[in-house]
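Below: the structure, in structure tokens.
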Amino acid sequence: MNLHSYSRHYPKLIKLGLPILVSQLGMIVVAFADNIMVGRYSTPSLASASFVNSVFNIAILACIGFSYGLTPLMGALFTKGEKKSIGSMMRTGLVLNIAFALVLTGVMTVVYFNLSHLGQPEELLPLIRPYYLVVLAGVIPVAVFNAFAQWSYAITNSRMPMWIILSANLLNIIGNYALIYGHFGMPEMGLMGAGISTLISRIFCAVVIIAVYFRSHAYREYREGFTHSRFHRSEASKVFSTSWPVALQMSLETASFSLSAVMAGWIDALSLAALQIIIITGTLGFCIYYSLGTSIAVYVANACGSSDSRLPRQVAMSGYHIMLALMVMSSIVLALFGRNLIDAFSDDPAVLTLTYTLIFPLVLYQLCDATQITFANALRGTSHVKPMIWTAVISYIIIGLPATYLLAFTAGLGVYGIVLSYSVSLLSAALMFVYFFRKATA
Numbered sequence: 273m274n275l276h277s278y279s280r281h282y283p284k285l286i287k288l289g290l291p292i293l294v295s296q297l298g299m300i301v302v303a304f305a306d307n308i309m310v311g312r313y314s315t316p317s318l319a320s321a322s323f324v325n326s327v328f329n330i331a332i333l334a335c336i337g338f339s340y341g342l343t344p345l346m347g348a349l350f351t352k353g354e355k356k357s358i359g360s361m362m363r364t365g366l367v368l369n370i371a372f373a374l375v376l377t378g379v380m381t382v383v384y385f386n387l388s389h390l391g392q393p394e395e396l397l398p399l400i401r402p403y404y405l406v407v408l409a410g411v412i413p414v415a416v417f418n419a420f421a422q423w424s425y426a427i428t429n430s431r432m433p434m435w436i437i438l439s440a441n442l443l444n445i446i447g448n449y450a451l452i453y454g455h456f457g458m459p460e461m462g463l464m465g466a467g468i469s470t471l472i473s474r475i476f477c478a479v480v481i482i483a484v485y486f487r488s489h490a491y492r493e494y495r496e497g498f499t500h501s502r503f504h505r506s507e508a509s510k511v512f513s514t515s516w517p518v519a520l521q522m523s524l525e526t527a528s529f530s531l532s533a534v535m536a537g538w539i540d541a542l543s544l545a546a547l548q549i550i551i552i553t554g555t556l557g558f559c560i561y562y563s564l565g566t567s568i569a570v571y572v573a574n575a576c577g578s579s580d581s582r583l584p585r586q587v588a589m590s591g592y593h594i595m596l597a598l599m600v601m602s603s604i605v606l607a608l609f610g611r612n613l614i615d616a617f618s619d620d621p622a623v624l625t626l627t628y629t630l631i632f633p634l635v636l637y638q639l640c641d642a643t644q645i646t647f648a649n650a651l652r653g654t655s656h657v658k659p660m661i662w663t664a665v666i667s668y669i670i671i672g673l674p675a676t677y678l679l680a681f682t683a684g685l686g687v688y689g690i691v692l693s694y695s696v697s698l699l700s701a702a703l704m705f706v707y708f709f710r711k712a713t714a
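Following this line, the structure appears as structure tokens:
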């Protein structure tokens, strides 16, 4: 297969993925700013944020993953020009996404009442508990926004969510500055200020995207399908069957990372703070990869509806070429400027010294992460999502968690072993996603 077979797909993948990339970079800036402000406020606040955010990443990414089930279904309808059918599916998807978020909120509430049993440093619990409740309140707004965002991506309009996210990011940074340190006449709230600012920005995203959907003349036909349709079990079953495997896959992947933060807390608060810094630094790669991954999923879904059976693989491999270039750039930035990025998070010499040692294992897993994100999204685009469950269970739970414990405690590598174990789980996931994607497009 010649290069032209792949290169002809580059422009449309980049065109759709670029606004998502800008959004993700904006989120990285907010994550950096959030953790820098919290880290410079106090090391206990940073360690507490590390634990809570790691635990909630499971719920937040489960919500995002559940919404991803809408993308290939709406993308296929968009190719056929069935706008009212997309609106109907949007209504069904929104109901299911809110219901899923309510279930997750209930689960995370149970976790809240058991925080004292998770082995975290006792002195951090007074900071962890109130921050946890504020983050808990943001689960449903995240679910609402992402359901509408997937509709926008499926109709190849990735710019609208981008502008909403960027506006919310700016609001979040200003809110952090005001509420963490007590500027602009606001009270000094420390870690709680960061939580309240994030909650406000998440509610802002949900409210604005709903307003755009229901007020813009350009989306009238989608809106008619939304308002005049009824809830059909067959449509709900179709959405649910493509949504829950992706949600479970992303939940289990995130759970392996989040439980590694719990293990870091078993070591000491210093290791927990260092892991938080390195995870936030690592989002530089992850968020960039996922922006292109969304683009790959949309265009693989479109390709699956064509008569050319080779097209889905061509699109996926074209996306992988771009992904490898992004991976190389991310790795270079992390290797050359990792210390500079880390320095911004804390002025505690002990935290900084420990975090510097984690740069190598961070760079090491970038190729595995980029590969698994590419083919997980390519597989999602085919709507053959059931294998994602087994991939997640085997890679992240059966292989990943034991590897984390063995490297951290049995091998005595501590938090270095925790970050090193990410390469093990991500490599196994990458290999399995490649296999299942090739099988789905054979």
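Here the working numbering runs 272 ahead of the position in the sequence shown, where the first position is 1.
Every residue gets a Cβ at the ideal spot worked out from N, C-alpha and C, and that includes glycine.
Bear in mind that the values here come from a model prediction, so they are computed numbers and not experimental data.
| Item | Value |
| --- | --- |
| Apart from the five residues just before and just after G454, which ones in its own chain have a Cβ nearer than 7 Å to its Cβ? | E460 |
| Just the C-alpha distance for G365 and H504, rounded to the nearest angstrom, thanks. | 11 Å |
| Should P633 be flagged as near chain D, meaning a C-beta pair shorter than 8 Å? | The structure shown contains no chain D; it holds only a single protein chain. |
| For Y637, does the three-state DSSP call read helix, strand or coil? | coil |
| Is it buried or exposed for I330, if we count other Cβ within 10 angstroms and need 16 for buried? | buried |
| Classify E395 as buried or exposed, calling it buried when 16 or more other Cβ atoms lie within 10 Å of its own Cβ. | exposed |
| Tell me whether S581 sits in a helix, a strand or coil according to DSSP, three-state version. | coil |
| How would you write the range of the alpha helix (DSSP H) that E525 sits in, first residue to last? | 505-539 |
| Measure the C-alpha to C-alpha separation of M434 and A415 and round it to an integer number of angstroms. | 16 Å |
| Going by Cα to Cα distance, which pick from T499, A569, Y571, T526 is closest to I669? | T526 |
| So, under 8 Å CB-CB, Q296 and I472 are touching, yes? Tell me the CB distance rounded to an integer number of Å. | Actually they do not touch by this definition, with Cβ atoms about 20 Å apart. |
| If we ignore side chains and look at the alpha-carbon of each, how far apart do M599 and G447 end up? | 32 Å |
| What would DSSP say about D615, mapped onto helix, strand or coil? | helix |
| Assuming Y403 contacts M309 under a Cβ cut-off of 8 Å, what Cβ separation, rounded to an integer in Å, is found between them? | Actually they do not touch by this definition, with Cβ atoms about 14 Å apart. |
| Write down the C-beta distance between S567 and T676 rounded to the nearest angstrom, noting that I regard them as a contact closer than 8 Å. | In fact, because the Cβ distance is near 31 Å, the residues do not count as touching under 8 Å. |
| Taking the alpha carbon of F705 as the reference point, which residue from K352, I661, L692 has its own alpha carbon closest? | I661 |
| Short check: CB of A546 to CB of V411, under 8 Å? | no |
| Rounded to whole angstroms, how far is the Cβ of S530 from the Cβ of I400, which I believe are closer than 8 Å? | The Cβ separation is near 14 Å, so there is no contact. |
| Give the single residue among R312, S667, A536, F476 whose Cα lies nearest to the Cα of V691. | A536 |
| Quick one: Cα of Y278 to Cα of A348, how far? | 21 Å |
| Could you check which residue in L288, F709, I445 has the C-alpha nearest to that of H656? | F709 |
| Quick check: the region 284-293 against the region 509-517, are there 3 or more CB pairs under 8 Å? | no |
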